[in-house]
Every structure is written in C-alpha cells, then in structure tokens.
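Inspection log for the structure reproduced underneath, given as structure tokens.
In this note's numbering, the protein residues as written are 643 to 785.
If you want it as structure tokens, here you go:
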C-alpha cells in the first residue's frame with residue numbers, strides 16, 4: 643500500500659463497520675450511489691465510527707477499519723430493509739480490508755483533525771483523506 647494517490651474517510655457506526663468488514667464491502671449514506679461512485683480502484687479507505695451502534699448517542703470516536711478499494715465500479719446489492727429508510731437496494735464497493743485494531747481519534751495526529759471544526763465535515767458521510775493520513779492510520783492500526 644505504497645504510492646497511494648487518493649484516500650477517503652467514511653463515517654459508519656462500529657456495528658455496521660463489522661458487517662462491512664465481514665462482507666468485504668462498504669455502502670455509504672444509507673446505500674445511495676453518489677458516495678461510493680467517487681471511489682476509484684486502489685484508493686485507500688478508512689472507516690471512522692462516531693458510535694458503537696447506529697443511532698446511539700454515546701460516543702466511540704475511533705477509526706475501526708482500513709483497506710483499499712478493490713473494484714472498478716459500484717454495484718447494487720440485494721434489496722434490504724433499512725428501518726426508517728425503508729427497503730432499499732444499496733450501492734456498494736468491494737474493499738480489501740486489512741486486519742487492524744481500533745484506534746482512538748486521539749491516538750494519531752492527522753492533518754484532517756488539525757483543521758478547525760474538522761468533525762463538521764464528517765456529517766457528509768464521506769470525506770477526502772490525505773494519503774499521508776491514510777498511511778499514518780495504517781501504521782497505528784496494524785502495529
């Protein structure tokens with residue numbers, strides 16, 4: 643994972659992250675296509691989990707998964723019930739996840755977190771991440 647050109651940070655609760663890692667995929671923003679369509683094969687991808695479980699308020703604030711985009715285009719998965727969002731046929735991307743352990747947001751110094759009000763942009767669900775930040779997270783999460 644050297645010479646990485648682009649990297650991304652997706653915001654997903656830890657319980658949903660575990661499903662993604664187990665399945666080797668990610669879906670963002672309740673299965674909408676626009677986020678996953680921005681990713682390119684070979685891009686680094688890190689998941690930040692603000693909470694342990696979707697909908698909970700108690701904070702986790704940890705990086706919970708890391709990998710590389712493994713496919714060339716988004717694909718649609720089988721239709722699934724997403725509770726208040728109804729039944730959707732989510733768009734996904736395949737990710738080759740690395741075996742990692744969680745890293746608290748304070749455990750690594752990133753360009754991203756040094757920006758004023760950096761957490762506000764996480765509301766979008768997907769934000770560009772400096773390749774250097776990706777490598778710093780990979781180093782901390784795989785040690």
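Backbone N, C-alpha and C fix where the C-beta goes; we use that ideal spot for every residue, glycine too.
Values in this document were obtained by computation on a predicted structure and should not be read as measured data.
- Does the Cβ of residue 686 lie closer than 8 angstroms to at least one heavy atom of the ligand FAD? The ligand FAD is absent from the structure shown, which contains no ligand whatsoever.
- Since residue 650 sits in a beta bridge, which residues does DSSP pair it with? In DSSP, residue 650 forms a bridge with 687 and 770.
- Query: If you draw a straight line from the alpha carbon of residue 643 to that of residue 720, how long is it in whole angstroms?
  - Reply: Because residue 643 carries a pLDDT of 46, less than 50, the predicted location of this residue cannot be relied on, and the following value inherits that uncertainty. Approximately 31 angstroms between the Cα atoms of the pair.
- Determine the direct distance from the alpha carbon of residue 775 to that of residue 753, and round the result to whole angstroms. If I take the Cα positions, the gap works out to 7 angstroms.
- Item | Complete beta strand (DSSP E) runs within the region 717–775 (minimum length 3 residues, chain order) | Correct list: 733–739 and 768–771.
- Among the residues of its own chain, which have a CB less than 8 angstroms from the CB of residue 649, if the five just before and after it don't count? Counting only Cβ-Cβ distances below 8 angstroms, and skipping sequence neighbours, we find 685, 686, 687, 688, 770, 771, 772, 773, 775 and 776.
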